[in-house]
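For the sequence shown, the working numbering gives the first residue as 10, with consecutive numbering after it.
Scroll down for the structure; my scribbles are underneath it.
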Amino acid sequence: MRILVTGGTGYVGSTAVDILLSQGYEISILDDCSMGHADSVPADVTYVEGSLLNSNDVAEALKGCEAVIHFAGKSLVGESVEKPDLYHSVNVDGSRILLDQMYIAGITKLVFSSSAATYGEPKEVPIKESAETVPTNPYGATKLAIDQMITEESKARGLSAASLRYFNVAGALKSSRGWLAERHNPETHLIPNVLRSTKENPVKIFGTDWPTADGTCIRDYVHVVDLIDAHIKALQSLTPGNHEIYNLGSGDGYSVRQVVAAATKAIGYEIPTVDAPRRAGDPAVLIADISKAQHKLGWVPTLDIEAMVADTLASFN
Ligand code: UFG
């Protein structure tokens with residue numbers, strides 16, 4: 010089966026490409042490389058360097074495919090607060106074009122990268138898929154809008170779809186072409202920032218007055234390799250006209266200070282930090298209830314926060 014991987018040069022997308030190829034899938038990639046890296050594209054894939062906002066590029070990339078895994082999109086909470094128009098354009102308009110072109114091409118299988126940011130500040134943790142969705146930032150609002158479009162599309166046009174609501178993805182994969190890891194510029198994610206912290210440029214702790222035990226935000230970290238395993242299981246479980254939503258996390262929460270402690274243990278010296286004001290758009294606590302993915306997909310996350318920190322650290326060398 011040939012799968013179109015949108016965003017296949019980015020951190021999560023390139024990891025998916027590597028794992029899918031190793032399992033015998035054929036791959037096409039559509040990416041404008043705005044966040045990703047063309048050097049991560051393996052030789053044996055069809056690569057269309059183009060935009061989701063260009064119907065011709067999307068139609069070209071869909072040729073010969075039976076399914077789509079849709080990773081492409083803007084994904085930074087802080088940036089989305091500053092540039093909501095960019096997030097609505099790339100994420101929502103781009104996904105609309107993808108859905109239309111899939112319909113024209115007769116492609117009915119879709120796995121979509123949604124986000125825990127769709128829930129906003131949760132009333133209850135761990136968060137179930139049935140929880141209220143009140144995003145606290147434009148990024149989450151765009152992911153929710155796309156989830157809603159996919160639900161409508163599955164009812165109206167028989168699309169078979171799964172939206173996977175990621176909590177905090179971390180870790181790296183050592184492939185035959187070297188480490189596939191976070192290579193964002195600027196890097197905003199906690200684990201790489203903690204591991205790169207120096208006395209001259211210490212990692213900022215965004216908010217120490219949150220309503221949590223140590224005053225810092227709590228997140229649920231899931232290893233990128235476990236995350237991709239869930240995508241493959243979701244793809245294999247799709248049923249016509251049905252749109253399922255699954256949370257993907259570990260089911261456990263770690264505060265920012267607990268992540269710093271895990272990184273300190275891995276790196277072997279005290280990591281310098283500096284207290285900073287809260288970051289706009291951040292909810293205090295996000296922890297997934299992953300029982301739906303466990304029961305319906307038979308998915309079990311296997312790699313813990315220590316593995317995520319160790320793999321990220323190893324990927325720097
Ligand atoms: N943080 C810091 N210092 C940093 C970076 C982050 O204190 O230098 C804090 C943040 O304020 C937050 C936590 O660490 O409390 C995690 O922040 P990240 O930037 O690593 O991740 P986010 O929780 O903001 O967002 C990530 C993805 C989103 C996704 C979300 C879902 O980037 O796409 O997880 O939980 F929606």
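Note that the Cβ used here is the ideal one computed from N, Cα and C, for glycine as well.
Here the structure is a predicted model, which means the values were calculated and not measured.
How about residue i: is its Cβ closer than 7 angstroms to a heavy atom in the ligand UFG?
| i | result |
| --- | --- |
| Lys-137 | no |
| Thr-145 | no |
| Leu-295 | yes |
| Val-99 | no |
| His-232 | no |
| His-79 | no |
| Leu-199 | yes |
| Ile-36 | no |
| Asn-202 | yes |
| Lys-213 | yes |
| Val-265 | yes |
| Asn-256 | no |
| Arg-166 | no |
| Phe-176 | yes |
| Val-21 | no |
| Asp-320 | no |
| Ser-124 | yes |
| Leu-173 | no |
| Val-134 | no |
| Val-86 | yes |
| Cys-226 | yes |
State the beta-bridge partners of residue i as determined by DSSP.
| i | result |
| --- | --- |
| Asp-218 | Answer is none; Asp-218 lacks a bridge partner. |
| Asp-284 | Ile-214 |
| Phe-329 | The structure shown does not extend to residue 329, since the chain is modelled only from 10 through 326, so no value can be given for it. |
| Gly-129 | Val-143 |
| Ser-246 | None, per the DSSP bridge assignment. |
| Val-294 | Ile-227 |
Is DSSP giving residue i helix, strand or coil here?
| i | result |
| --- | --- |
| Asp-229 | coil |
| Tyr-20 | helix |
| Ile-254 | strand |
| Lys-183 | strand |
| Val-143 | strand |
| Thr-55 | strand |
| Arg-192 | coil |
| Ile-12 | strand |
| Leu-199 | helix |
| Tyr-263 | strand |
| Ala-150 | helix |
| Val-134 | coil |
| Val-50 | coil |
| Ser-64 | helix |
| Ser-84 | coil |
| Ser-89 | helix |
| Ser-43 | coil |
| Ala-70 | helix |
| Ala-171 | strand |
| Gln-303 | helix |
| Ala-272 | helix |
| Gln-32 | coil |
| Tyr-278 | coil |
| Ala-165 | helix |
Which two residues bound the contiguous beta strand (DSSP E) that contains residue i?
| i | result |
| --- | --- |
| Gly-79 | Note that residue 79 corresponds to His in the displayed sequence, not to Gly. Looking at the DSSP string, the run of the beta strand (DSSP E) that includes His-79 is 76-79. |
| Val-120 | 118-124 |
Alpha carbon to alpha carbon, what distance is there between residue j and residue i?
| i | j | result |
| --- | --- | --- |
| Ser-163 | Ala-154 | 14 angstroms |
| Gly-17 | Ala-181 | 15 angstroms |
| Lys-213 | Thr-127 | 25 angstroms |
| Asn-63 | Asp-156 | 21 angstroms |
| Gly-216 | Tyr-148 | 20 angstroms |
| Gly-262 | Thr-207 | 26 angstroms |
| His-304 | Glu-69 | 37 angstroms |
| Gly-260 | Val-120 | 21 angstroms |
| Leu-173 | Ile-254 | 6 angstroms |
| Ile-241 | Leu-29 | 8 angstroms |
| Ser-184 | Asp-53 | 14 angstroms |
| Gly-73 | Ala-285 | 50 angstroms |
| Ser-2 | Asp-40 | In the structure as shown, the chain begins at 10 and stops at 326. Residue 2 is therefore absent and cannot be evaluated. |
| Gly-167 | Asp-94 | 30 angstroms |
| Met-111 | Ala-270 | 46 angstroms |
| Asp-48 | Trp-219 | 40 angstroms |
| Val-203 | Ser-169 | 40 angstroms |
| Ala-81 | Asn-100 | 8 angstroms |
| Glu-35 | Ile-78 | 13 angstroms |
| Cys-226 | His-198 | 13 angstroms |
| Gly-224 | Ile-280 | 18 angstroms |
| Ser-317 | Lys-274 | Sequence check: residue 317 is Met here, not Ser. C-alpha separation (whole angstroms): 13 angstroms. |
Counting along the chain, where does the alpha helix (DSSP H) carrying residue i start and finish?
| i | result |
| --- | --- |
| Ile-38 | Taken as a continuous stretch (DSSP letters only), Ile-38 belongs to no alpha helix (DSSP H), being part of the beta strand (DSSP E) at 35-40. |
| Thr-207 | Premise fails: Thr-207 is in no alpha helix (DSSP H) and is neither H nor E. |
| Thr-321 | 314-324 |
| Ile-106 | 103-114 |
| Thr-311 | Element bounds for Thr-311: n/a, residue is neither H nor E. |
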